[in-house]
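In the working numbering, the protein residues as written are 12 to 571.
Encoded as structure tokens, the structure appears first; notes follow it.
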Ligand SMILES: [Zn+2]
Ligand SMILES: [Zn+2]
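What follows is the structure, given as structure tokens:
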């Protein structure tokens, strides 16, 4: 367990004392207590924490300024943890207070009883910007060690703060560093079963074979703690190195071009039972391969994009050799179908390579945050430690694309690209076209199957399936394939439009409560971007805000 300021319950404290007054930022009461009632300004509470500790923890800038003016000890140590007010500002994620205390001369180099310096505290509590400031502006070392030899990266891994881990590694932290017991950050993440963190550490050069002083690897620790997902990740990444990433990418890209034709060839030529057996074997093989060659969701993988393209190519081929020659009575529909096909294929190729609204990498981006801070802004933008930019709200760093995307909707596996503010509209057009394509293709298949000589009524389900399968297995399968795809894509279509009419992105829909701009002062959900369905549609077609630059959520408190 990570020690913090061992906070008393508010009820356990009398309401009128210097610590409570400092915690509330009540400068008037502090004045009365200190100047009139002559309370000792440096007096500790039961843990020895002074009023300055409490003011720093709760980010009460005015109270801090007042206490310092009245002679509070800026580096006072509390008895229990030997922590300074500066440590408490870090633990409380109070960046403005931290900066104020440093400006007023607080000792930045101090470590507490457990050897945690300010940076370790910032990393334990997952504050990226604070950690950035402490390393880049204040010169604290990413290689600092606490009394048990843990580095800041150990703590970020243990507490599952991926952004902090990304920052530390980009600023030179050693991903393979070991603590006094020989444990690496990956051991710590595995112990807690932090799947994504383990994946991140593997991708960034972490050693899956590292053994601690007791001879245990990260895999052993994950097994001991029964962390199933992490166990399988570690098991199958034993042969993984960051060099194999490029080779794997090529394999995933090329595989569907063999696989899709092979599948349909098997369906078309082998009898039913043999087909089932061969397909099952292929399925098991692919599953094995996935486990060995793919570190899982959120790493870049072109497999589905290639499946899409290969299935499309195969369908087009089947259309020209089988369907086109016998569907001349549907002249208009055929023309429409060919037109839609052409548009779909062009749009698909465009979207695969389109810029979804990647935020510009900007050397001075971080300075924007510090400017805002120095102006006393309360809403401070997030720092993306990979792109090193001040991230506007509604944007998100995509792990697959490894870039920040403005008004990010989702990462589309079928495009192997993100859908964001720049390409959301063409994406919706693509979705519409592909649904049309599926229905028309399925319709043609039905017509062709129905025109076969000796076809039984489709209501005689069993004999109908048997008949069609023996005559035109490929067409039957393609029809089912297109119907199935049409159905789930219609579901996506419905969901997308629902969200567009609500002015919520898919990412916000999934993680909404995580984002402070979706909460009102009473912590209830509210959508500051909602302008009614007409306004929301307008914002989708013509965004009124520049989502690629820093902006503030419209304030809806007063209008509500
Ligand atoms: Zn980013
Ligand atoms: Zn992406």
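Cβ atoms here follow ideal geometry from the backbone N, Cα and C, with glycine treated the same way.
{"Query": "Continuous alpha helix (DSSP H) stretch holding residue 363: start and end", "Result": "342-364"}
{"Query": "Residue 536 in three-state terms, based on DSSP", "Result": "strand"}
{"Query": "Bounding residues of the alpha helix (DSSP H) (the contiguous stretch that carries residue 134)", "Result": "129-135"}
{"Query": "Own chain, CB closer than 6 Å to residue 138, minus 5 neighbours either side, in chain order", "Result": "104"}
{"Query": "Straight-line gap, residue 540 to residue 522 (C-alpha atoms, nearest Å)", "Result": "16 Å"}
{"Query": "Under 5 Å, CB to nearest heavy atom of ligand 2: contacting residues", "Result": "409, 411, 412, 422, 429"}
{"Query": "Nearest candidate by alpha-carbon position, reference residue 79, set 400, 392, 69, 63", "Result": "63"}
{"Query": "Endpoints, the alpha helix (DSSP H) within which residue 400 is located", "Result": "Counting along the chain, residue 400 falls outside any alpha helix (DSSP H), though it belongs to the beta strand (DSSP E) covering 400-402."}
{"Query": "Residues of its chain near residue 115, where Cβ-Cβ distance is below 7 Å and the 5 sequence neighbours each way are ignored", "Result": "79, 85"}
{"Query": "Through-space distance from residue 82 to residue 93, alpha-carbon basis", "Result": "20 Å"}
{"Query": "Assigned secondary structure, residue 435 (DSSP; H/G/I helix, E/B strand, else coil)", "Result": "helix"}
{"Query": "Whole-angstrom distance between residue 162 and residue 188, CA atom to CA atom", "Result": "8 Å"}
{"Query": "For residue 568, the three-state DSSP class (helix, strand or coil)", "Result": "With a pLDDT of only 46 at residue 568, under the threshold of 50, the placement of this residue in the model should not be trusted; the figure read from the coordinates follows. Residue 568: coil per DSSP, three-state reduction."}
{"Query": "Contact between the stretch 141-153 and the stretch 172-183 (3+ Cβ pairs under 8 Å)", "Result": "yes"}
{"Query": "Reduced DSSP secondary structure (H/G/I, E/B, other) of residue 24", "Result": "Note that residue 24 scores 48 on pLDDT, short of 50, meaning its location in the model is unreliable; the coordinates nonetheless yield the value given after this. Residue 24 falls in the coil class under three-state DSSP."}
{"Query": "Identity of the residue in 49, 287, 111 nearest residue 66 by Cα", "Result": "111"}
{"Query": "Per-residue DSSP class, three states only, for residue 13", "Result": "Note that residue 13 has pLDDT 45, beneath the 50 cutoff, so the model's placement of it is unreliable and no number is given."}
{"Query": "DSSP bridge partner residues for residue 393 (one or two, in chain order)", "Result": "402"}
{"Query": "C-alpha distance - residue 535 paired with residue 171, whole-angstrom precision", "Result": "26 Å"}
{"Query": "Beta-carbon contacts of residue 517 that lie in its chain and below 7 Å, excluding the five residues immediately before and after", "Result": "420, 421, 510"}
{"Query": "Residue closest to residue 335, alpha-carbon to alpha-carbon, out of 108, 481, 459", "Result": "459"}
{"Query": "Residue burial classification, residue 159 (beta-carbon count within 10 angstroms, cutoff 16)", "Result": "exposed"}
{"Query": "Nonlocal neighbours in the same chain, by C-beta distance under 8 Å from residue 501, ignoring five residues either side", "Result": "446"}
{"Query": "DSSP three-state assignment for residue 428, whether helix, strand or coil", "Result": "strand"}
{"Query": "Same chain, Cβ closer than 7 Å to residue 448, neighbours up to 5 away in sequence not counted", "Result": "351, 352, 355"}
{"Query": "Anticipated Cβ contact below 8 Å, residue 558 with residue 364, distance rounded", "Result": "Incorrect: roughly 21 Å between the Cβ atoms, too far for contact."}
{"Query": "Under the three-state DSSP convention, the category residue 416 falls into", "Result": "strand"}
{"Query": "Inter-stretch contact at 8 Å, needing at least 3 Cβ pairs: the stretch 422-432 / the stretch 362-378", "Result": "yes"}
{"Query": "Nearest-angstrom Cα separation, counted from residue 525 out to residue 519", "Result": "8 Å"}
{"Query": "Per-residue DSSP class, three states only, for residue 294", "Result": "helix"}
{"Query": "Beta-ladder partner(s) of residue 369, from DSSP", "Result": "416"}
{"Query": "Nearest-angstrom beta carbon gap, residue 314 and residue 267 [assumed within contact, 8 Å]", "Result": "7 Å"}
{"Query": "Collapsed DSSP secondary structure at residue 18 in the structure displayed", "Result": "Bear in mind that the predicted position of residue 18 carries a pLDDT of just 45, short of 50, making it too unreliable to give a figure here."}
{"Query": "Identified DSSP bridge partners for residue 42", "Result": "DSSP output for residue 42 lists no bridge partner at all."}
{"Query": "C-alpha gap between residue 200 and residue 142, whole angstroms", "Result": "20 Å"}
{"Query": "Beta-carbon spacing of residue 456, residue 498 below 8 Å", "Result": "no"}
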